[in-house]
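Heads up: the sequence lines are chains X and W, in that order.
Going by this note's numbering, the first sequence opens with residue 59, and the numbers climb by one from there.
Going by this note's numbering, the second sequence opens with residue 5, and the numbers climb by one from there.
Each residue gets a CB set at the ideal place from its N, CA and C atoms; glycine is no exception.
Source: prediction; values computed, not measured.
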Amino acid sequence: MHEKIKALKAAFPHTIPVLAGFTFIGIAFGILMNSKGYGVGWTFLFSLLTFAGSAQYMAITFLTSVFNPVSALLMTLMVNARHLFYGISMLDKYKGTGKLKPYLIFGLCDETFSILCSTEPPEDVNRHWFMFFVTMLDHSYWVLGSALGGLLGSLVSFNTKGLDFVLTALFVVIFVGQWKTQQDHQPAVIGVFCSLVCLVVFGPGNFIIPSMLAILAVLTISRKGSAEKKGLTEVEGR
Amino acid sequence: MNLAPFQALLIIGMVTLGTMITRFLPFLIFKGLKANNSYLSYLGQVLPYSAIGLLVVYCLKSVNFKGPAYGNPEVVAIICIIILHNWKENTLLSIGAGTVIYMVLVQAVFV
């Protein structure tokens, strides 16, 4: 028990930016759902089960137009395809997490991924429970935030314009942090460059999957290149 | 509400299913693979950095550089975050200050 509380205490500070971001985006989502005729019960259920902000925003279209579950599934796969990268990145970290593993994978959203891939808990903290609590805290912020929005309806009217930037800021900070600790900047540059090129070529609605393919291709090629270089120096060394 | 409750439930189910496919698939596919697959462990090492790069671009995908604010709030706020984070290395400070700067810019400067 003591071990879990310690892990929870270590996890919480890392999730504060997500608390701010999810409260705001969650409330906005709940309000939007409400305005389309879906009350707090629907919003609560949706956020609890799906836990994927961008897909849920997208799905409002499907909840308010002609019934088309197949399109809803396909659109979700497109919007959330980037999660495939998170999974591949976390294969090692999630190894050996036992009964926590299904929940860790279930809750692997953008924000949880960005925290877990860039953070190690202090040595005296159980790593598995630390990852669990980061995931669980993020999940609960999202569920509670969106439920709150569903309850408030359109009562709130203070000027929150721009507050959603908090999540962009979180990702930028993690990017800068990774940049400073990592000697090899190539993967980060490849990520930004491929995405930018694909954004310009394919437009904001369709650039994610092309970006992922481009990133995979360039990473694979650059690995071959560096492996060959390594092989060459080994030969030269003899 | 345009859909019948069971239809809405089914849509929510589909969105959940789609999301879970994208999250669980890598773990299911690579479960049987040997732990020392060198290509996969290479991807595991470099992909987190590329993925965060993609995520930053994804967040900025709807920024309009052709007006009305020409992407100025985003660019200014991000430059501030980079400088601040290089200098103080305090995650919450960088995120908090960057967000406040952005909010002031979109609410009061580039209206």
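Taken atom to atom, the span from the alpha-carbon of V259(X) to that of L59(W) is near 17 Å.
Just measuring C-alpha positions, the residue of M189(X), P180(X), I163(X) sitting nearest I173(X) is M189(X). Bounds of the alpha helix (DSSP H) holding V224(X) are 223-239. A Cβ-Cβ distance of about 6 Å is found for the pair V192(X) and T73(X), placing them in contact under the 8 Å criterion. In chain W, no part has a C-beta under 7 Å from the C-beta of A68(X); the shortest such distance is about 14 Å. In the three-state DSSP reduction, P179(X) falls in the coil class, being neither helix nor strand. In summary, S54(W) is buried, with 16 or more beta-carbon neighbours lying within 10 Å of its beta-carbon over all protein chains present.
Interface criterion not met: the Cβ of S93(X) is under 8 Å from no Cβ in chain W. At a cut-off of 8 Å, the C-beta of Y144(X) has a neighbouring C-beta in chain W. C-alpha of F233(X) to C-alpha of G79(X): approximately 17 Å in a straight line. Interface criterion not met: the Cβ of N184(X) is under 8 Å from no Cβ in chain W. Put simply, the CB of P180(X) is far from chain W, with every gap to its CB atoms at 8 Å or more. In the DSSP annotation of this structure, the continuous segment of the alpha helix (DSSP H) that includes R185(X) starts and ends at 185-210. Residues of chain X with a Cβ closer than 8 Å to the Cβ of N76(W) do not exist; the shortest Cβ-Cβ separation is about 13 Å. Three or more pairs of CB atoms, one per stretch, sit closer than 8 Å, so the stretch 89-102 of chain W contacts the stretch 222-231 of chain X.
Between I146(X) and P30(W), the C-beta spacing is below 8 Å. By the Cβ neighbour-count rule, N138(X) is buried, with 16 or more other Cβ atoms within 10 Å of its own. DSSP, reduced to helix, strand and coil, places C252(X) within a helical segment of the structure shown.
Q114(X) is the residue among K94(X), Q114(X), S93(X) whose C-alpha sits nearest the C-alpha of L103(X). Counting only the Cα atoms, Y74(W) lies some 44 Å from K159(X). Take I279(X), set aside five residues on each side of it, and no residue of its chain has a beta-carbon closer than 6 Å to its own. Here G71(W) carries a coil assignment [DSSP, helix/strand/coil]. The distance from the Cβ of D222(X) to that of F82(X) is about 6 Å, consistent with a contact at the 8 Å cut-off.
Residues of the same chain with a CB within less than 8 Å of the CB of V67(W), apart from the 5 flanking positions on each side, are G75, E78 in chain order.
Note that the C-beta distance between K65(W) and L257(X) is below 8 Å.
Here G203(X) really is in contact with I85(X); their C-beta atoms are around 6 Å apart, less than 8 Å.
Within 7 Å of the CB of P268(X), no CB atom of chain W is found; the nearest one sits about 11 Å away. Within the same chain, Cβ atoms closer than 6 Å to the Cβ of S105(X) are found at W200, V201, S204, the five residues on either side in sequence being excluded. The distance from the Cβ of F28(W) to that of L44(W) is about 17 Å, inconsistent with a contact at the 8 Å cut-off. Between F34(W) and chain X, the shortest Cβ-Cβ separation is below 8 Å. About 7 Å separates the beta carbon of I15(W) from that of L7(W), a gap short enough to meet the 8 Å contact definition. Assignment of Y96(X) by DSSP, reduced to helix, strand and coil, places it in the coil class. R27(W): member of the alpha helix (DSSP H) spanning 9-33, first to last residue.
In the three-state reduction of the DSSP assignment, K153(X) falls in the coil class, being assigned neither a helical nor a strand state. When secondary structure is reduced to three states using DSSP, E93(W) falls in the coil class, being assigned neither helix nor strand.
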